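Trainee: These protein sequences, in sequence, are chains A and B.
Last residue of the first sequence: 227 (the numbering used here), numbering continuous.
Last residue of the second sequence: 116 (the numbering used here), numbering continuous.
Sharing a structure below in structure tokens format, with a few things to ask.
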Amino acid sequence: DAKTTQPTSMDCAEGRAANLPCNHSTISGNEYVYWYRQIHSQGPQYIIHGLKNNETNEMASLIITEDRKSSTLILPHATLRDTAVYYCIADSGSARQLTFGSGTQLTVLP
Amino acid sequence: EAGVAQSPRYKIIEKRQSVAFWCNPISGHATLYWYQQILGQGPKLLIQFQNNGVVDDSQLPKDRFSAERLKGVDSTLKIQPAKLEDSAVYLCASSLEAGNNSPLHFGNGTRLTVT
Numbered sequence: 118d119a120k121t122t123q124p125t126s127m128d129c130a131e132g133r134a135a136n137l138p139c140n141h142s143t144i145s146g147n148e149y150v151y152w153y154r155q156i157h158s159q160g161p162q163y164i165i166h167g168l169k170n171n172e173t174n175e176m177a178s179l180i181i182t183e184d185r186k187s188s189t190l191i192l193p194h195a196t197l198r199d200t201a202v203y204y205c206i207a208d209s210g211s212a213r214q215l216t217f218g219s220g221t222q223l224t225v226l227p
Numbered sequence: 002e003a004g005v006a007q008s009p010r011y012k013i014i015e016k017r018q019s020v021a022f023w024c025n026p027i028s029g030h031a032t033l034y035w036y037q038q039i040l041g042q043g044p045k046l047l048i049q050f051q052n053n054g055v056v057d058d059s060q061l062p063k064d065r066f067s068a069e070r071l072k073g074v075d076s077t078l079k080i081q082p083a084k085l086e087d088s089a090v091y092l093c094a095s096s097l098e099a100g101n102n103s104p105l106h107f108g109n110g111t112r113l114t115v116t
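Structure below.
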């Protein structure tokens, strides 16, 4: 799986959009970009994934650049419950090893 | 839909004892995974099942760890005998299919403490 780079931490005001960036400059053509988050004492939670096109679901939007070297996860209206560590992963499907890295600690402030 | 169920939630044992963890995946999910997450690190894959067959167990310490998924649904992970370094959260995950266009859905894990 390609290496991903994320900021260590970010803050966001409650009710505002949270934009979490991720760099994956060495991603290969068959690797999907996945986002998971982990709240303390819980297992990782799937958020969204995509290959080339932008994606949206009930939780978030995923914007992938045309060259696929970076992406942004958007939480449109952050709430206090969105405080978590967010992981960006390039998944090649090889044994689903899912190299999680250190992720971004998002803190939503009241 | 119901999520991935794991039990027990917590377990404390002494070294050299044995322990077993149970996982019930999301209904209809053919692929099941066991991960080990040591404090402060990301999850590490131990074993992947497709239905009741093993796809990948290259990272499973087979001298002490074993896992089975006999009827292609529930799975158990066993450690015998446990070592201090086995203290971790053991996460079970499932996905509809094995490929990388199929998201993993995780349970909340079993936190194992070996003393």
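All C-beta atoms, glycine included, are put in the ideal place defined by N, C-alpha and C.
Source: prediction; values computed, not measured.
#1: In terms of residue numbering, what span does the beta strand (DSSP E) encompassing VAL21/B cover?
#2: ASP208/A by DSSP, collapsed to three states: which one?
#3: Does the distance from the CB of GLU86/B to the CB of THR32/B come in under 9 Å?
#4: I'd like to check one pair, LEU226/A with ASP128/A: are the Cβ atoms closer than 9 Å?
#5: Does any C-beta atom of chain A lie closer than 9 Å to the C-beta of VAL5/B?
#6: Which term fits ALA207/A, buried or exposed, when burial requires 16 or more other beta carbons within 10 angstroms of its beta carbon?
#7: When the Cα of PRO104/B is compared with those of ARG185/A, ARG154/A, PRO193/A and LEU223/A, which residue comes out closest?
#8: Under a Cβ-count criterion, where at least 16 other Cβ atoms within 10 Å of its own Cβ denotes burial, should ALA134/A be classed as buried or exposed?
#9: Which chain B residues sit within Cβ distance under 8 Å of HIS166/A?
#10: Given a cut-off of 9 Å, decide if PRO124/A and SER187/A are closer than it, judged by their beta-carbon atoms.
#11: So for LEU105/B, helix, strand or coil by DSSP?
#12: Run down chain B in chain order and give the residues with a C-beta less than 7 Å from the C-beta of PRO124/A.
#13: Closest Cβ-Cβ distance between PRO161/A and chain B: below 9 Å?
#14: Alpha carbon to alpha carbon, what distance is there between SER142/A and VAL115/B?
#15: By DSSP, does GLU86/B sit in helix, in strand, or in coil?
#16: Looking only at its chain, what residues have a beta carbon closer than 6 Å to the beta carbon of SER126/A, apart from the 5 residues adjacent to it on each side?
#17: Here's the rule I'm using: 16 or more other beta-carbon atoms within 10 Å means buried, otherwise exposed. How should ARG17/B be labelled?
#18: Since GLY160/A contacts GLY110/B with CB under 8 Å, what's their CB separation in whole angstroms?
#19: Between which two residues does the beta strand (DSSP E) containing THR196/A stretch?
Mentor: Taking the geometry as given:
#1: Checking the sequence shown, residue 21/B turns out to be Ala, not Val. It spans 20–25 - the beta strand (DSSP E) in which ALA21/B sits, taken as one unbroken run.
#2: strand
#3: no
#4: yes
#5: Interface residue, yes.
#6: By the beta-carbon neighbour count (other beta carbons within 10 angstroms, threshold 16), ALA207/A is buried.
#7: ARG154/A
#8: Burial call: exposed.
#9: ASN102 and PRO104
#10: no
#11: coil
#12: In chain order: nothing, as chain B lies at least about 17 Å away.
#13: Judged by the 9 Å Cβ criterion, PRO161/A is in contact with chain B.
#14: Take the alpha-carbon of VAL115/B and the one of SER142/A: they are about 40 Å apart.
#15: helix
#16: GLN222
#17: exposed
#18: 5 Å
#19: DSSP places THR196/A in no beta strand (DSSP E); its state is neither H nor E.
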